[in-house]
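Trainee: Sharing a structure here in C-alpha cells format.
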Amino acid sequence: MRPPLMIFNGSSHPFLGVELSGHLGVSLGKRDLHLFPDGEISLAILEPVQGTPVYVLQSLGIDPNFHLMELFILIDALKRSSAEKVTVILPYYAYARQDRQDRPGSPITAKLLANLLTLAGADRLIVIDLHSEQIEGFFDIPVEHLQSNEVLIPYCKKLQLENVVVVAPDKGGIRIAGIYAKELNAPIALIDKERLNPFEVEMRLFVGNVKDKTVLLVDDMCSTGGTLVNAAKVCSDLGARKIVAAVGHGLLIGKSLEDIENSTIELLITTNTLPVSDQVQSHPKIHVVSIAPLLAEAIQKSI
Ligand code: R5P
Numbered sequence: 095m096r097p098p099l100m101i102f103n104g105s106s107h108p109f110l111g112v113e114l115s116g117h118l119g120v121s122l123g124k125r126d127l128h129l130f131p132d133g134e135i136s137l138a139i140l141e142p143v144q145g146t147p148v149y150v151l152q153s154l155g156i157d158p159n160f161h162l163m164e165l166f167i168l169i170d171a172l173k174r175s176s177a178e179k180v181t182v183i184l185p186y187y188a189y190a191r192q193d194r195q196d197r198p199g200s201p202i203t204a205k206l207l208a209n210l211l212t213l214a215g216a217d218r219l220i221v222i223d224l225h226s227e228q229i230e231g232f233f234d235i236p237v238e239h240l241q242s243n244e245v246l247i248p249y250c251k252k253l254q255l256e257n258v259v260v261v262a263p264d265k266g267g268i269r270i271a272g273i274y275a276k277e278l279n280a281p282i283a284l285i286d287k288e289r290l291n292p293f294e295v296e297m298r299l300f301v302g303n304v305k306d307k308t309v310l311l312v313d314d315m316c317s318t319g320g321t322l323v324n325a326a327k328v329c330s331d332l333g334a335r336k337i338v339a340a341v342g343h344g345l346l347i348g349k350s351l352e353d354i355e356n357s358t359i360e361l362l363i364t365t366n367t368l369p370v371s372d373q374v375q376s377h378p379k380i381h382v383v384s385i386a387p388l389l390a391e392a393i394q395k396s397i
C-alpha cells in the first residue's frame, strides 16, 4: 500500500526533519547524498515515490547556495521518479531581501528564486515569514505562507508580561507589530531606522511611548542583531523598564550572540526555522520555540 505522504529532508536542517517526521508519524525518505571530487552534488532517492505526495524540507539560511542546488537536484530526482506532487517546505526563504529593483542594475533575487524553484519542478510551496508579502505573488504555483507568530505569541502570552508596548524596529515591521499588538491587547510604537551609510544606521522613536513599559520588539529576523540591539538601546534610553524581543528567523550571524548578551534585551524568543547551534541553545538570553508543530499541522491539513 502507498503511504499517504513521504518527507525527504535536505541536508540543511537535519533536526527539524526528524522532529517533523515524529509529529507526522512518518519516517524520513531515504536518499543518498555525497560530493563528487570536483564538488558537484551526487544525490539519489533510495525508495519508491511513484504516485505519492512528497514533501521536501530545506532551510536556506546557512550556506544557501549549496542548499539551493541540493534542493533543485532533490526535486528533479523526485519528479523523475514520478512522485505525485512535490511540496517544497522552506522554513527560511533565502535571497528574499532583494525583492524589488532598488537601484539601476540590481537583480530581484526573490523572484529569480521563485522562477528556479518552479523550473526545478516544485508543485507547491510552504514558507514561513517571507521577508515581504509580495514574494507570494512571484509564484504561479500555490504558496502557503505560515506565520511564526502562531508559535511565538502563545509563548509571549505565557510570560505574562505586564504593561506591554509592541515596538516595530523599522517601518517594515509594522505589519508584524500590528498582529502582536492585537493578540496581546497592547499599544504599538514605531522606531524610524535611517541608513547613514552601508555600516551605520540611526534610530529614533517615531511613534508611541515606551517609558516605564515592557517593550516587546518584534521583527521577521535577527541577522547580525544590529537592528534589535540598537532598537533596544533607543527604548532603554527612553526609560523602558524591560525589553523582550521576538523574531521568526534567528540567523544570529557574526558577533550577534555576544552583542545580544551585552545588550539591554533581557530575552530574545525565536524559532528553529534555521538550525539551532549549541551556542544559541545555551545562550543565557535566547529561547527557541519549535516551528515543527506548525509545519506538521499545515501538512496534515493539505492531505
Ligand atoms: C530588515 O528589513 C529586516 O526586517 C530585519 O530588521 C533585518 O534584516 C535584521 O538584520 P540585522 O539583525 O542584521 O540588523
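Sequential numbering from 95 applies to the sequence shown in the working numbering. Note that CB positions come from ideal geometry on N, CA and C, so glycine has one too.
Are the Cβ atoms of Leu154 and Leu184 separated by less than 8 Å?
Mentor: Yes; because the gap between Cβ atoms is below 8 Å, this pair is in contact.
Trainee: Going by Cα to Cα distance, which pick from Leu99, Leu346, Arg125 and Leu137 is closest to Ile380?
Mentor: Nearest option by C-alpha distance: Leu346.
Trainee: Can you tell me which of Glu178, His225 and Phe166 puts its alpha carbon nearest to the alpha carbon of Asp193?
Mentor: The option with the nearest alpha carbon to Asp193 is His225.
Trainee: Could I get the ranges of all uninterrupted beta strand (DSSP E) runs contained in the stretch 350-392, with 3 residues as the minimum, in chain order?
Mentor: With a minimum length of 3 residues, the continuous beta strand (DSSP E) runs that stay inside the stretch 350-392 are 361-365 and 380-383.
Trainee: Please work out which residues of its chain come closer than 7 Å, Cβ to Cβ, to Val383, disregarding the five sequence neighbours upstream and downstream, and give them in chain order.
Mentor: The residues are Val245, Leu246, Tyr249, Ile363 and Thr365.
Trainee: Give me the Cα-Cα distance between Phe233 and Tyr189, rounded to the nearest whole angstrom.
Mentor: Rounded to the nearest angstrom, the two C-alpha atoms are 15 Å apart.
Trainee: Please go through the stretch 252-308 and give each complete beta strand (DSSP E) segment of 3 or more residues, from N-terminal end onward.
Mentor: As far as the stretch 252-308 is concerned, its whole beta strand (DSSP E) runs of at least 3 residues are 258-262, 282-291 and 294-301.
Trainee: The ligand R5P heavy atoms versus the CB of Gly342: any closer than 7 Å?
Mentor: No; taking the cut-off as 7 Å, the Cβ of Gly342 has no heavy atom of the ligand R5P nearer than that.
Trainee: If contacts are defined as beta-carbon pairs under 8 Å, then Ala280 and Val258 qualify, I think. What distance do you get, rounded to the angstrom?
Mentor: About 4 Å separates the two Cβ atoms, so the contact holds.
Trainee: So the candidates are Gly344, Glu296, Thr321 and Val120; which of them puts its Cα closest to the Cα of Thr358?
Mentor: When each option's Cα is compared against that of Thr358, the closest is Thr321.
Trainee: For Ser136 and Lys124, what's the separation of their Cα atoms in angstroms?
Mentor: Computed Cα separation, rounded: 14 Å.
Trainee: For Val328, collect the residues of the same chain with a Cβ closer than 7 Å to its Cβ; drop the 5 residues on either side in sequence, then sort them by chain order.
Mentor: Counting only Cβ-Cβ distances below 7 Å, and skipping sequence neighbours, we find Ile285, Met297, Arg298 and Leu299.
Trainee: Just to be sure I understand the criterion: a residue counts if its Cβ is closer than 7 Å to at least one heavy atom of the ligand R5P. Which residues meet that?
Mentor: Result: Arg191, His225, Pro263, Asp264, Gly266, Gly267, Asp313, Asp314, Met315, Cys316, Ser317, Thr318, Gly319, Gly320, Thr321, Leu322 and Ser350.
Trainee: Kindly indicate which residue of Glu230, Glu277 and Ile235 has the alpha-carbon position closest to the one of Lys252.
Mentor: Nearest C-alpha to Lys252: Glu277.
Trainee: From Leu165 to Ala271, what does the alpha carbon distance come to, in whole angstroms?
Mentor: Their Cα atoms are separated by approximately 33 Å.
Trainee: Would Val301 be called buried (16 or more neighbouring beta carbons within 10 Å of its own) or exposed?
Mentor: Looking at its Cβ environment, which holds fewer than 16 other Cβ atoms inside 10 Å, Val301 is exposed.
Trainee: Closest to Thr203 by CA distance: which of Pro158, Asp223, Asp170 and Lys179 is it?
Mentor: The shortest C-alpha separation from Thr203 is found at Pro158.
Trainee: Given a threshold of 16 other Cβ atoms within 10 Å of its Cβ, counted over all protein chains shown, does Lys287 qualify as buried or as exposed?
Mentor: By the neighbour-count rule (16 or more Cβ atoms within 10 Å), Lys287 is buried.
Trainee: Once the 5 residues before and after Ala283 are set aside, which same chain residues still bring their CB inside 7 Å of it?
Mentor: Excluding sequence neighbours, Ala283 sits near Val259, Val261, Leu299, Val301, Gly302, Asn303 and Val304.
Trainee: When the Cα atoms are used, what is the spatial distance from Gly145 to Lys179?
Mentor: Looking at the two C-alpha atoms, the distance is approximately 8 Å.
Trainee: So what does DSSP say about Ser115, is it helix, strand or coil?
Mentor: Helix.
Trainee: Once you ignore the five residues that flank Leu388 on each side, which residues in its own chain have a CB closer than 7 Å to its CB?
Mentor: Cβ within range, chain order: Leu240, Glu244 and Val245.
Trainee: If you follow the beta strand (DSSP E) that Val180 is in, where does it begin and where does it stop?
Mentor: Lys179 to Leu184 is the span of the beta strand (DSSP E), which, as asked, contains Val180.
Trainee: Apply the 10 Å Cβ neighbour rule to Ile397 and answer buried if 16 or more other Cβ atoms are within range, or exposed otherwise.
Mentor: When all chains shown are included, Ile397 counts as exposed.
Trainee: Determine the closest residue to Ser105 out of Leu211, Arg191, Leu162 and Ser115, with distance taken between C-alpha atoms.
Mentor: If we check each option's Cα against that of Ser105, Leu162 comes out closest.
Trainee: Determine the burial state of Asp314: buried for a count of at least 16 other Cβ atoms within 10 Å of its Cβ, exposed for fewer.
Mentor: That one is buried.
Trainee: Which residues does DSSP pair with Tyr187 in a beta bridge?
Mentor: The partner list for Tyr187 (beta bridge, DSSP) is empty, contrary to what the question assumes.
Trainee: Out of Pro369, Ala138 and Ile337, which one is the CA nearest neighbour of Tyr186?
Mentor: Closest by alpha carbon: Pro369.
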